[in-house]
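S.K.:
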Amino acid sequence: MSLDRTIRWRGLDPASIEHCHVISTERDTRIRGTIITPNYGLFYRIKLDDTEHVRTVRLERTDGAVLELFSDGAGDWSDDRAEPLPALRHCLDIDIWPTPLTNSLPLWRCQWTIDQPQRFAMAWIDGDDMTVKRSEQIYTRLDATHFRFQGAEGFERIIEVDADFLVVDYPGLFTRQD
Numbered sequence: 010m011s012l013d014r015t016i017r018w019r020g021l022d023p024a025s026i027e028h029c030h031v032i033s034t035e036r037d038t039r040i041r042g043t044i045i046t047p048n049y050g051l052f053y054r055i056k057l058d059d060t061e062h063v064r065t066v067r068l069e070r071t072d073g074a075v076l077e078l079f080s081d082g083a084g085d086w087s088d089d090r091a092e093p094l095p096a097l098r099h100c101l102d103i104d105i106w107p108t109p110l111t112n113s114l115p116l117w118r119c120q121w122t123i124d125q126p127q128r129f130a131m132a133w134i135d136g137d138d139m140t141v142k143r144s145e146q147i148y149t150r151l152d153a154t155h156f157r158f159q160g161a162e163g164f165e166r167i168i169e170v171d172a173d174f175l176v177v178d179y180p181g182l183f184t185r186q187d
């Protein structure tokens, strides 16, 4: 994948604004974003390896809270003290709340066939309380620009994406600001 783009989203519930930049080369992908919510500002940085597997993620809030995670690219995770995180074993991707950017990670990494669901174990990071837990998610490609996202506890949305698999519309939660 080759990509060098700046993206902006508006969060709808809760209200937020996000500015993100993605640079992808043959060697790696680097993502930096800033989100302003009613309660905090959040800066995040994600690094993917040449196979689009997450290797590092760092979140830092304006109140000083920091969360940093490291992956071997094969689903084993550790925290910033090099302590293993066995609850995240086999999670290849991350999903950060509150950004739609991380919905792109499994989309970039996989081959897609229309109406063929794919299940992912995600390291779900909650920016509100700076915690991480395992989350099972299913994505199904519906057509060239739409995926069905199914998450925990029956949550489901049809997400619209562009040609780079970046979210354009995530009904009720995010909309892109071009």
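Our numbering numbers the first residue of the sequence shown as 10 and each following residue consecutively. Beta carbons: idealized from backbone N, C-alpha and C, even for Gly.
(1) How long is the line joining the alpha carbons of Arg-36 and Asp-59, rounded to whole angstroms?
(2) By the three-class DSSP mapping on this structure, what secondary structure does Trp-121 have?
(3) Classify Thr-71: buried if its beta carbon has 16 or more other beta carbons within 10 angstroms, exposed otherwise.
(4) Given 8 Å as the limit, is there contact between the segment 91-101 and the segment 119-126, that is, 3 or more CB pairs closer than that?
(5) Can the beta-carbon of Gln-146 be found closer than 7 Å to that of Met-131?
(6) Does the distance from the C-beta atom of Arg-17 to that of His-30 stay below 7 Å?
(7) Please list the segments of the alpha helix (DSSP H) lying wholly inside the segment 75-147, counting only runs of 4 or more residues, in order along the chain.
(8) Using beta-carbon positions only, say whether Phe-183 and Pro-109 come within less than 7 Å of one another.
M.R.: The answer reads as follows:
(1) On the sequence shown, position 27 is the one that residue 36 refers to. On the sequence shown, position 50 is the one that residue 59 refers to. So the two alpha carbons sit approximately 5 Å from each other.
(2) Taking the sequence shown and counting its residues from 1, the one referred to as residue 121 is at position 112. DSSP places Trp-121 in coil when its eight states are reduced to three.
(3) The residue given as residue 71 occupies position 62 in the sequence shown. Thr-71 is exposed by the Cβ-count criterion.
(4) With a cut-off of 8 Å, the segment 119-126 and the segment 91-101 do not count as touching, because too few Cβ pairs lie within range.
(5) Along the sequence shown, one-based indexing puts residue 146 at 137. Along the sequence shown, one-based indexing puts residue 131 at 122. For Gln-146 and Met-131, yes; Cβs fall inside 7 Å.
(6) Here the question's residue 17 lines up with position 8 in the sequence shown. Here the question's residue 30 lines up with position 21 in the sequence shown. Going by C-beta atoms, Arg-17 is not nearer than 7 Å to His-30.
(7) DSSP runs (the alpha helix (DSSP H)) wholly in the segment 75-147: 113-118.
(8) By one-based count along the sequence shown, residue 183 stands at place 174. By one-based count along the sequence shown, residue 109 stands at place 100. Yes, Cβ-Cβ distance for Phe-183 and Pro-109 is below 7 Å.
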